[in-house]
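Chemist: Shown below is the structure under consideration.
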């Protein structure tokens with residue numbers, strides 16, 4: 009085979025080829041196929057790209073060297089004398105050239121992979137910086153300007169929940185990269201990037217899962233803004249004015265970025281891994297980081313699904329009977345019937361019940377915790393109620409006629425300081441540090457309680473389909489719902505129980521600290537007045553002995569005073585009727601009868617419609633002993649032309665004091681004593697040394713209305729102890745009846761009879 013002749017190297021100079029350039033028309037050299045492959049390369053996407061001038065320089069030198077070598081070999085073969093030498097040396101030159109071209113291709117491929125890896129790393133870092141900048145713009149600038157709108161936007165702050173945690177995770181990732189002071193082109197930058205991401209993976213997951221779980225609320229709030237056109241136009245104007253460089257027309261333009269960013273991490277890390285040589289020192293760490301980012305997204309999605317199930321079933325709905333009836337259908341009736349039958353089978357032992365000891369322990373502890381929280385809240389509310397009652401009693405404002413004594417003055421100043429400064433401050437701290445947290449904790453109990461109850465319902469449904477081999481789509485949904493609720497409770501109920509228990513212990517400790525501070529404040533207050541009080545110079549033992557004796561003496565005096573006041577208040581008081589009251593009494597008795605007449609024991613002030621205003625002692629006739637709603641505490645009364653309602657507790661039955669009651673058919677006065685009035689009997693009018701010749705007897709039946717009165721029957725003998733009540737009113741007399749019972753009776757119910765008339769031994773009950 010004849011080898012084509014080549015021009016000697018000295019005859020021309022080979023120029024660097026350019027992508028779009030063509031050879032001169034005067035000279036078109038033959039192109040080796042291997043040289044054409046070196047001038048043209050294909051990228052991974054299949055698109056053909058030409059080598060630039062910088063990339064073609066090494067290839068050009070190779071062509072020159074290969075041409076010079078071939079020329080020298082041609083000359084050597086000519087000198088050695090024969091075309092056979094040229095045929096033997098040509099294959100060896102072609103192999104060497106091909107090997108060098110393959111090495112150059114591999115080097116070029118590595119260079120391209122390194123360039124693409126660097127571009128992917130720079131894209132991750134730079135996009136993270138832009139992402140953080142836009143979040144800060146929306147959270148600080150746009151949010152601050154929206155808060156200035158009047159009227160204020162409702163639920164605006166709820167749209168930015170957990171965005172601060174997301175920004176904190178992003179800023180910490182960038183700060184870790186900046187602290188190493190390694191540029192993206194440095195081989196150590198990839199290792200630094202992976203280590204930084206792995207160290208923050210748990211924080212990133214915690215921040216993003218809460219944000220994504222709340223993202224549905226963001227869209228709901230923004231849609232509520234869009235329903236008001238004027239308000240929405242104002243919001244868009246503020247957004248455009250706050251971020252003119254960003255073409256944004258809604259808040260979700262910024263707030264959707266975390267949702268997109270967390271899903272972009274696996275794509276960016278996988279792109280970097282794709283263009284990284286497996287022999288790279290950080291390749292294994294990069295692969296682990298990519299898998300971690302994928303697992304992080306899966307965990308966030310699973311948490312979001314759990315939150316949606318929890319939000320669905322933990323809601324408490326207040327349904328009326330009509331709403332419950334409207335929700336009834338064949339499916340719901342069949343489901344509830346199946347649950348009831350399954351529960352009956354469990355109780356009767358027909359079918360075994362699925363037992364989860366771990367969950368049962370958590371459930372029991374939750375119920376104990378719930379009972380303790382509610383009991384503690386009730387006790388705190390009772391405590392605050394009694395404290396308010398104590399503060400409402402302003403004893404220092406009463407004039408005790410002791411202005412000249414030091415002890416009352418000190419007492420007045422101490423109680424003033426307690427009521428105006430110390431105790432109100434204590435009450436405010438109690439409400440802030442104990443009562444409000446307890447109320448919030450009580451409200452948080454509703455969600456877990458509803459989930460526990462719903463788990464029981466889903467467990468009954470799950471037991472019905474557990475034994476089936478082939479499940480329908482709905483049965484799969486039921487099983488998945490039960491597993492989700494059960495897993496959610498097993499994961500989060502221990503955390504809730506632990507946090508709730510810590511809060512209870514913390515509040516109990518706070519309660520103790522508040523009382524310690526209260527005792528300290530009161531001690532400082534009393535020490536400032538201690539020297540002015542009597543007996544301050546006594547020793548502690550003598551002082552406490554004196555204080556105990558004074559307390560007992562004061563209690564005794566108080567008891568005596570209370571008994572005296574009670575006797576005075578219970579004493580019957582019968583006031584004579586005025587002429588107008590007598591006319592009203594006659595009018596009411598003619599209209600309603602004597603058995604319907606009642607009297608106001610105290611002033612009555614109307615508090616609602618159809619109520620009457622009555623003065624103390626005013627007479628009324630009771631028409632009905634209940635109102636239209638059946639309330640027996642309000643009676644319908646007639647006040648002599650005015651009708652209305654009055655409280656039954658302020659009405660007492662009226663007993664008319666008869667001036668001359670009709671004589672009893674069984675009792676007749678002897679001749680010569682008819683002029684003596686029954687109610688005007690006075691023991692002082694008769695000499696004590698003479699033997700009494702009359703006895704006092706009850707002329708009519710009398711029924712006692714309270715403990716201060718005594719019941720009598722007509723003809724019963726009594727002993728008159730006092731011919732008047734404690735206020736000196738002679739209309740009532742204090743008597744002693746048979747059996748030693750003492751009490752008041754109307755004086756006009758008593759009559760004088762000669763001795764020996766009536767029942768009982770004569771002289772057994774004689775007046776004093």
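Residue numbers (my numbering): 9 to 776. C-beta: ideal position from N, C-alpha, C; glycine also.
1) Assign residue 703 to one of three DSSP states: helix, strand, or coil.
2) Output the residue ranges of the beta strand (DSSP E) runs that lie fully inside the segment 711 to 747 and measure 3 residues or longer, sorted by chain position.
3) What does DSSP give as the partner residue(s) for residue 652 in the beta ladder?
4) In whole angstroms, give me the CA-to-CA distance for residue 718 and residue 598.
5) Take the Cβ of residue 481 as the centre, count every other Cβ of all protein chains shown within 10 Å, and call the residue buried at 16 or more, exposed below.
6) Apply the 10 Å Cβ neighbour rule to residue 402 and answer buried if 16 or more other Cβ atoms are within range, or exposed otherwise.
7) Going by DSSP, what residues sit across from residue 552 in a beta bridge?
8) Could you tell me if residue 8 is buried or exposed, where buried requires 16 or more neighbouring beta carbons within 10 angstroms of its beta carbon?
9) Can you tell me where the alpha helix (DSSP H) with residue 240 in it begins and where it stops?
10) Assuming residue 493 and residue 446 make a contact with CB atoms under 8 Å, what is their CB distance in whole Å?
11) Identify the residues that DSSP records as bridge partners of residue 134: which are they?
12) Measuring CA to CA, which of 496, 415, 433 and 256 is closest to residue 395?
13) Can you tell me whether residue 642 is buried or exposed? The criterion is at least 16 other CB atoms within 10 Å of its CB, across all chains shown.
14) CA-CA distance, residue 145 and residue 251?
15) Taking DSSP as the reference, what is the three-state secondary structure of residue 317?
16) What does the Cβ neighbour count give for residue 621, buried or exposed, with the cut at 16 atoms within 10 Å?
17) What whole-angstrom Cβ distance do residue 590 and residue 418 have, given they're in contact under 8 Å?
18) Counting pairs of Cβ atoms below 8 Å between the segment 300 to 313 and the segment 264 to 280, do you hit three or more?
19) Between the alpha carbons of residue 689 and residue 731, how many angstroms are there, rounded?
20) What separation, rounded to the nearest whole angstrom, lies between the Cα atoms of residue 496 and residue 314?
21) Just list the alpha helix (DSSP H) runs in the segment 146 to 191, keeping only unbroken ones of 4 residues or longer that don't cross its boundaries, in chain order.
22) Checking 8 Å against the spacing of the C-beta atoms, do residue 279 and residue 206 come in under that value?
23) Contact defined as beta carbons within less than 8 Å: I believe residue 628 pairs with residue 613. What is the distance between those atoms, to the nearest angstrom?
24) Under 8 Å, with one C-beta from each stretch per pair, do the segment 328 to 345 and the segment 472 to 488 reach the 3-pair mark?
25) What are the boundary residues of the alpha helix (DSSP H) that residue 381 is part of?
26) Roughly how many angstroms lie between the CA atoms of residue 267 and residue 194, to the nearest whole one?
27) Of the choices 656, 231 and 545, whose alpha-carbon is the least far from that of residue 619?
28) Could you pull the start and end residues of the beta strand (DSSP E) that residue 517 belongs to?
29) Determine the extent of the beta strand (DSSP E) in which residue 214 is found, giving its start and end residues.
30) Assign residue 200 to one of three DSSP states: helix, strand, or coil.
31) Among 568, 661 and 138, whose alpha-carbon lies nearest the alpha-carbon of residue 608?
32) Can you tell me whether residue 217 is buried or exposed, with buried defined as 16 or more other CB within 10 angstroms of its CB?
33) Tell me the DSSP secondary structure of residue 33 in three-state form.
34) Would you give the residue range spanned by the alpha helix (DSSP H) that residue 427 belongs to?
35) With which residues is residue 627 paired in a DSSP beta bridge?
36) Pull up the DSSP beta-bridge partners for residue 6, would you.
Modeler: Quick look at the numbers:
1) strand
2) 727 to 730 and 740 to 744
3) 645
4) 30 Å
5) exposed
6) exposed
7) Paired residues: none, contrary to the question.
8) Residue coverage of the chain in this structure runs from 9 to 776, which leaves residue 8 outside it and unanswerable.
9) 237 to 250
10) That belief does not hold up - the Cβ atoms of residue 493 and residue 446 are roughly 27 Å apart, past 8 Å.
11) In the DSSP output, where bridge partners are listed per residue, residue 134 has none listed.
12) 433
13) buried
14) 8 Å
15) helix
16) exposed
17) Rounded, the Cβ-Cβ distance is 56 Å, inconsistent with contact.
18) yes
19) In this prediction, residue 689 has a pLDDT of 39, which is less than 50 and means its spatial position is unreliable; nothing more can be read from the coordinates.
20) 7 Å
21) 151 to 154, 164 to 167 and 171 to 188
22) no
23) In fact, because the Cβ distance is near 15 Å, the residues do not count as touching under 8 Å.
24) no
25) 365 to 400
26) 31 Å
27) 656
28) Taken as a continuous stretch (DSSP letters only), residue 517 belongs to no beta strand (DSSP E), being part of the alpha helix (DSSP H) at 481 to 538.
29) Unbroken run through residue 214 is the alpha helix (DSSP H), 209 to 221; no beta strand (DSSP E).
30) helix
31) 661
32) buried
33) Annotation note: pLDDT 36 at residue 33 (below 50); position unreliable, no value reported.
34) Where residue 427 is concerned, there is no enclosing alpha helix (DSSP H), given that its DSSP letter is neither H nor E.
35) 607
36) Missing from the structure shown is residue 6; the chain here goes from 9 to 776 and no further.
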